[in-house]
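All residue numbers for the sequence shown refer to our numbering, where the first residue is 263 and numbers rise by one. Glycine included, C-beta positions come from ideal geometry on N, C-alpha and C.
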Amino acid sequence: AVLRKLISVSTDIADAAFTPEGRSCHDILDLAETKVFEIADVNARNRRGYETIRTLVGQAVDRIDALYHQDSAITGVSTGYSKLDDMTAGLQPSDLIIVAGRPSMGKTSFAMNIAEQAAIRNKVPVGFFSLEMSGEQLALRMLSSLGRIDQTRVRTGQLQEQDWPRLTSAVSILSEAPIFIDDTPAITPTELRAKCRRLSREHGLGLIVIDYLQLMRSAGFAENRTGEISEISRSLKALAKELKVPVIALSQLNRSLEQRPDKRPKMSDLRESGAIEQDADLITFIYRDEVYNENSVEKGIAEIIIGKQRNGPTGTVKLAFLGQYTKFENYTAAEYGEPH
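Structure representation (structure tokens):
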């Protein structure tokens with residue numbers, strides 16, 4: 263059966279190569295990889311069997327021993343935010359992490375900052391799939407964040423004299439970082455999986471970021487958006503398990519929360535939330551009071567609300583938000599002034 267499918271797929275790939283119909287060679291290569299990987303997926307599922315509890319217990323004890331002898335309490339990929347790492351022990355391999363918020367809360371900046379931290383400080387290869395912004399726009403944001411240069415000046419090129427050394431330093435640092443950006447719009451789970459497998463094979467992926475989940479598309483769900491989101495959510499969790507890396511997926515929230523007096527997000531605000539809530543290992547919400555209240559006493563402060571953590575506590579971590587640099591930083595009351 264596998265050989266028959268390979269023959270059929272080979273014919274489809276050959277047809278696409280002979281009659282590209284405007285597609286580039288890279289597009290056809292992606293198509294070929296996707297179709298072959300689909301067969302491999304089905305075959306791997308059929309071959310995957312059980313393991314004895316003795317084997318699994320042995321693996322668990324080995325992991326406990328390794329963690330016991332390491333210096334840090336962080337067992338996954340560090341976020342770069344000390345209090346968040348204290349609550350999560352880092353972003354764990356095989357976990358699906360949801361970062362949700364209303365527009366303008368800073369979802370992209372937050373995920374981008376975590377990616378920068380992982381790639382630059384810890385040399386973790388990061389695959390960043392930007393479905394909303396172009397790769398160039400994302401790079402400009404990263405330069406603003408790393409160089410602490412006003413993003414408007416970076417975007418317009420109206421740099422001041424003191425900005426140039428910062429820009430040069432940021433370019434030097436970012437150029438060496440193992441960050442791989444793909445800005446393919448409306449990517450499907452199958453396409454995403456093929457691209458991530460290739461990245462993992464060539465560079466050894468340690469973290470995947472998708473910005474954002476609702477912009478992905480899955481075939482066969484034209485009239486059923488909830489079913490489509492469920493399929494996408496399941497596929498992201500499966501991808502995390504297969505590659506044994508944390509997958510961060512950004513997510514929009516329902517507009518209805520803005521009708522409430524307290525606009526802090528909660529689990530029921532996740533758009534098409536059922537499957538996301540079920541599949542995710544860690545769900546965080548970003549809330550900045552100043553977005554809704556211009557007289558807020560918490561200007562420049564963001565709340566990272568952990569609404570679900572499969573293997574840890576829930577709660578809230580405060581971070582400083584420097585909007586002009588698209589940057590989140592560790593928050594200390596003494597430095598920023600604890601509101602009364």
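Taking the C-alpha atoms as reference points, what is the distance between residue i and residue j?
i      : j      : result
Val298 : Ile290 : 12 Å
Val264 : Pro451 : 22 Å
Val433 : Ala537 : 40 Å
Glu556 : Ile301 : 54 Å
Leu400 : Asp412 : 15 Å
Tyr598 : Pro387 : Caution is warranted here: a pLDDT of 48 is assigned to Tyr598, below 50, making its placement in the model unreliable, and no coordinate value can be reported.
His602 : Ser558 : Here His602 scores only 37 on pLDDT, less than 50, and its place in the model is too uncertain to base an answer on.
Ala335 : His288 : 43 Å
Lys385 : Ser286 : 32 Å
Ser497 : Asp444 : 18 Å
Val319 : Thr341 : 29 Å
Trp426 : Leu505 : 40 Å
Phe372 : Leu461 : 23 Å
Ile510 : Thr370 : 11 Å
Arg517 : Ala448 : 22 Å
Ala328 : Leu346 : 22 Å
Pro575 : Glu520 : 27 Å
Thr314 : Asn486 : 40 Å
Quick one, are the C-beta atoms of residue i and residue j less than 9 Å apart?
i      : j      : result
Leu393 : Ser495 : no
Met529 : Lys503 : no
Gln476 : Ser513 : yes
Ser480 : Glu493 : yes
Leu581 : Tyr593 : yes
Gln422 : Thr414 : no
Tyr330 : Val579 : no
Gly363 : Leu268 : no
Have a look at the options and flag the residue whose alpha-carbon is nearest the alpha-carbon of residue i.
i      : options                           : result
Phe590 : Thr578, Ile563, Gly577 and His288 : Ile563
Ala439 : Leu475, Ala380, Arg517 and Ile472 : Ala380
Arg417 : Val509, Lys345, Lys528 and Tyr587 : Tyr587
Leu501 : Lys457, Asn486 and Glu485         : Lys457
Arg410 : Arg428, Val361, Gln399 and Val507 : Arg428
Ile545 : Glu493, Lys499, Asp327 and Arg487 : Lys499
Gly577 : Leu461, Ile449 and Met349         : Met349
Pro365 : Glu560, Tyr554 and Lys561         : Tyr554
Pro523 : Asp551, Ala511 and Pro282         : Asp551
Ala279 : Leu293, Lys561 and Thr414         : Leu293
Asp473 : Ile326, Ile360 and Asp324         : Ile360
Ser396 : Leu454, Thr446 and Ala322         : Thr446
Within a Cβ cutoff of 7 Å, which residues of the same chain sit near residue i, ignoring the five residues on either side of it in sequence?
i      : result
Leu408 : Glu378, Ala432, Ile435 and Leu436
Asp274 : Lys297
Val507 : Pro355, Leu467, Gly468, Leu469 and Ile470
Ile441 : Ala377, Ala381, Val388 and Phe390
Ordered along the chain, which non-local residues of its own chain (more than five positions away) have a Cβ less than 6 Å from that of residue i?
i      : result
Val271 : Lys297
Arg572 : Asp543
Glu295 : Ala456
Might you give, ordered along the chain, the residues of its own chain that have their beta carbon closer than 8 Å to the beta carbon of residue i, omitting 5 neighbours on each side?
i      : result
Arg526 : Phe547, Tyr549, Glu565 and Ile567
Gly338 : Thr350, Ala351, Gly352, Leu353, Gln354, Pro355, Asp357 and Pro508
Gly489 : Phe483
Quiz item: Quick one: complete alpha helix (DSSP H) runs, 4+ long, within the stretch 398-458?
Solution: Those alpha helix (DSSP H) runs which fall completely within the stretch 398-458 and span 4+ residues are 413-418 and 425-437.
Quiz prompt | Start-end ranges of the beta strand (DSSP E) lying completely within the stretch 484-571, minimum 3 residues | solution = Runs of the beta strand (DSSP E) inside the stretch 484-571: 509-513, 544-549 and 563-571.
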